[in-house]
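Data block below; observations after.
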Amino acid sequence: MKLLIVVVLWAVAMAAHAQSVYKCTVDGKVSYSDAPCPAGAQAATLDAPAAPKADPAAVRDLKRQQKQASALEKARLKQQERDERESARAAQVAAVQRKKCDKLKLNKRWADEDARRASGQATEAARLRAHRAGEAMALECPR
11 MKLLIVVVLW AVAMAAHAQS VYKCTVDGKV SYSDAPCPAG AQAATLDAPA APKADPAAVR
71 DLKRQQKQAS ALEKARLKQQ ERDERESARA AQVAAVQRKK CDKLKLNKRW ADEDARRASG
131 QATEAARLRA HRAGEAMALE CPR
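Heads up, the sequence shown is in my numbering, so the first residue is 11 and it goes up one at a time.
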């Protein structure tokens with residue numbers, strides 16, 4: 011779209027330049043201007059050649075390039091949205107995993123505390139619970 015605007019502005023500028031050019035000679039000095047010569051100056055009008063007509067092949071090529079650019083932009087935006095959704099999904103999965111690991115670590119810490127405080131026959135059972143809590147934590151939380 012921007013390219014089309016540039017082409018239109020260029021065409022307008024070229025049309026403005028296609029106006030007459032005045033060659034003025036005053037005291038042997040030659041100057042060129044887009045305004046008529048002052049009084050007392052030798053004047054000659056030079057007609058600038060007309061701007062070339064737009065090449066139909068170039069116009070078709072421009073339209074093709076614009077369509078291609080638009081399609082590429084659509085594809086890029088679609089891929090960006092896909093990437094953002096995937097990133098959000100991965101962040102959610104990671105948060106769930108962290109929460110699960112935190113819970114297992116807490117259970118392990120409590121089981122260790124229970125094993126330290128246990129006495130008599132409950133000591134072995136508390137140690138076994140602490141060991142199993144540690145294994146569960148190691149399985150789910152590899153760090």
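Ideal placement from N, C-alpha and C gives every residue a C-beta, glycine not left out. Bear in mind the structure is a predicted one, so any value in this text is a computation, not a measurement.
- The beta carbon of S43 sits closer than 7 Å to the beta carbons of Y32, C34 from its chain, once the five residues preceding and following it are set aside; these are given in chain order.
- DSSP places Q102 in the helix class (H, G or I) of the three-state scheme.
- In this chain, the alpha helix (DSSP H) harbouring A146 covers 132-150.
- Under DSSP, K39 shares a beta bridge with V36.
- Using a Cβ distance threshold of 8 Å, E150 and K110 count as a contacting pair.
- In terms of Cα proximity to S30, the closest of A45, G38, A98, A100 is A45.
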